[in-house]
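Student: Here it is: the structure, laid out below.
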Amino acid sequence: KAGVTQTPRYLIKTRGQQVTLSCSPISGHRSVSWYQQTPGQGLQFLFEYFSETQRNKGNFPGRFSGRQFSNSRSEMNVSTLELGDSALYLCASTTTGPNTGELFFGEGSRLTVL
Amino acid sequence: DQQVKQNSPSLSVQEGRISILNCDYTNSMFDYFLWYKKYPAEGPTFLISISSIKDKNEDGRFTVFLNKSAKHLSLHIVPSQPGDSAVYFCAASRRGDYKLSFGAGTTVTVRA
């Protein structure tokens, strides 16, 4: 069974630009979550989607947005990039939700903002 | 506000000995706790979990202990092996929140 696929794996942007990251969950998984990992900060929750509905959102500015499609694939967008947005963005999927089931993570998209 | 804390950023242990990783949390509403392991250039992978109704869960070399009164959990790895060298994240969740709160991670190095 294929794992969680994230694209692109690496990207470099400049301040002020915007970026869209894509995530294809494991087949049959309807819950998709996004996390930002930066050194020393662990994984910070961005948002969670289930059946195209956002059920929770983390404490990030409105420049961070996401959506989920009917096939459960998800995208996240960051507009007006800042240097501090440089991070590893991780997508994770699970069947019904992250509360009691393990999350299956992708390898992440490494974003560098110059 | 960091609700899950791993106060030891790193741990070095000799092969064959026990590794003990600690995690503290502040939110008494958390009812499920998990440990994830992460190798460089890979996503985190699930290791072991425990519900708040239990105080211990064991899976092979890995045991997680939960002390609800102290809001503390720990992960024991016995015996430690070189392949255990990785970053370990503690995480917690509350039913209905649809998210995990992660600690900052502990880097474990197992010496031969």
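These protein sequence lines map, in sequence, to chains P and R.
Just so we're on the same page, our numbering is the position in the first sequence counted from 1, plus 154.
Just so we're on the same page, our numbering is the position in the second sequence counted from 1, plus 186.
Virtual Cβ for every residue (Gly too), placed ideally from N, Cα, C.
(1) Near PRO265(R), what residues of its chain come up, given a Cβ to Cβ distance below 6 Å and the 5 sequence neighbours on each side ignored?
(2) Check whether the Cβ atoms of LEU165(P) and SER233(P) lie closer than 8 Å to each other.
(3) Does the Cβ of HIS277(P) have 16 or more other Cβ atoms within 10 Å, making it buried, or fewer, making it exposed?
(4) Among residues of its own chain, excluding the 5 on either side of GLN208(P), which ones have a beta-carbon nearer than 6 Å to its beta-carbon?
(5) Is it a yes or a no for the stretch 193 to 212 of chain R touching the stretch 166 to 177 of chain P, going by three-plus beta-carbon pairs under 8 Å?
(6) Output needed in chain order: residues of the stretch 183 to 201 of chain P with a Cβ under 8 Å from some Cβ in chain R.
(7) Cα separation between GLY246(R) and ASN208(R)?
(8) Using 8 Å as the threshold, is the stretch 222 to 239 of chain R in touch with the stretch 272 to 281 of chain R, meaning 3 or more CB pairs across them?
(9) Quick one: which residues of the stretch 280 to 296 of chain R get their C-beta closer than 9 Å to a C-beta of chain P? List them in chain order.
(10) In whole angstroms, give me the CA-to-CA distance for GLN191(P) and LYS211(P).
(11) If we define contact as Cβ-Cβ less than 8 Å, is GLY202(R) a contact residue for chain P?
(12) Reducing DSSP to helix, strand and coil, say where ASP217(R) ends up.
(13) Is any beta-carbon of chain R found at less than 8 Å from that of LEU257(P)?
(14) Buried or exposed for THR250(P), please, with buried defined as at least 16 other CB atoms from any protein chain shown within 10 angstroms of its CB.
(15) Give every residue of the same chain whose Cβ lies closer than 6 Å to the Cβ of ARG227(P), excluding the five residues on either side of it in the sequence, and list them in chain order.
(16) Given this structure, state the Cα-to-Cα distance separating SER198(R) from ILE236(R), to the nearest angstrom.
(17) Quick test of your reading: ARG281(R) and ASP241(R), contact by CB under 8 Å. State the CB separation rounded to the nearest angstrom.
(18) Let me check understanding here. Comparing Cα to Cα, which of SER185(P), GLN160(P) and GLY216(P) lies closest to ASN225(P)?
(19) In whole angstroms, give me the CA-to-CA distance for THR168(P) and ALA290(R).
(20) Nearest-angstrom Cα distance between GLU206(P) and PHE223(P)?
(21) Is the beta carbon of LYS223(R) closer than 8 Å to that of ALA298(R)?
Tutor: Considering the structure as presented:
(1) Along the second sequence, read from residue 1 onward, the residue named residue 265(R) stands at position 79. In the same chain as PRO265(R), and ignoring 5 residues on each side of it, the C-beta atoms closer than 6 Å to its own belong to GLY202, in chain order.
(2) For the purposes of this step, residue 165(P) is identified with residue 11 of the first sequence, where counting begins at 1. For the purposes of this step, residue 233(P) is identified with residue 79 of the first sequence, where counting begins at 1. For the 8 Å CB-CB criterion, LEU165(P) and SER233(P) do not form a contact.
(3) Residue 277(P) cannot be examined here, being either before or after the span of chain P that is shown, 155 to 268.
(4) For the purposes of this step, residue 208(P) is taken as residue 54 along the first sequence, with counting starting at 1. Hits under 6 Å: PHE201.
(5) The stretch 193 to 212 of chain R is not in contact with the stretch 166 to 177 of chain P.
(6) The residues in question are SER185, SER187, TYR189, GLY194, GLN195, GLY196, LEU197, GLN198 and PHE199.
(7) For the purposes of this step, residue 246(R) is taken as residue 60 along the second sequence, with counting starting at 1. For the purposes of this step, residue 208(R) is taken as residue 22 along the second sequence, with counting starting at 1. Here the alpha carbons of ASN208(R) and GLY246(R) stand approximately 19 Å from one another.
(8) Yes, the stretch 222 to 239 of chain R touches the stretch 272 to 281 of chain R.
(9) For the stretch 280 to 296 of chain R, residues whose beta-carbon sits nearer than 9 Å to a beta-carbon of chain P comprise ARG280, ARG281, GLY282, ASP283, TYR284, LYS285, LEU286, SER287, PHE288, GLY289, ALA290 and GLY291.
(10) In the first sequence, residue 191(P) corresponds to position 37, counting from 1. In the first sequence, residue 211(P) corresponds to position 57, counting from 1. Using only the alpha carbons, I get a separation of about 16 Å.
(11) For the purposes of this step, residue 202(R) is taken as the residue at position 16 of the second sequence. Not closer than 8 Å to any Cβ of chain P, the Cβ of GLY202(R) fails to qualify, so no.
(12) Residue mapping note: residue 217(R) aligns to position 31 of the second sequence, counting from 1. If DSSP states are grouped into helix, strand and coil, ASP217(R) belongs with coil.
(13) The residue labelled residue 257(P) in the question sits at position 103 within the first sequence. True, the Cβ-Cβ gap to chain R drops below 8 Å.
(14) On the first sequence, position 96 is the one that residue 250(P) refers to. It counts as exposed.
(15) In the first sequence, residue 227(P) corresponds to position 73, counting from 1. Scanning its chain for C-beta atoms nearer than 6 Å, with the 5 sequence neighbours on each side dropped, one finds around ARG227(P) the residues SER178, in chain order.
(16) Within the second sequence, numbered from 1, the residue matching residue 198(R) stands at position 12. Within the second sequence, numbered from 1, the residue matching residue 236(R) stands at position 50. When rounded, the distance between both Cα atoms is 25 Å.
(17) Taking the first residue of the second sequence as position 1, residue 281(R) is located at position 95. Taking the first residue of the second sequence as position 1, residue 241(R) is located at position 55. About 19 Å separates the two Cβ atoms, so there is no contact after all.
(18) Position 71 of the first sequence holds residue 225(P). Of the listed residues, the one whose Cα sits closest to ASN225(P) is SER185(P).
(19) In the first sequence, residue 168(P) corresponds to position 14, counting from 1. In the second sequence, residue 290(R) corresponds to position 104, counting from 1. THR168(P) and ALA290(R): Cα-Cα distance of roughly 27 Å.
(20) Stepping through the first sequence from its first residue, residue 206(P) is reached at position 52. Stepping through the first sequence from its first residue, residue 223(P) is reached at position 69. Each residue's Cα considered, the two are about 6 Å apart.
(21) Within the second sequence, the letter at position 112 stands for residue 298(R). Within the second sequence, the letter at position 37 stands for residue 223(R). No, they are not a contact pair.
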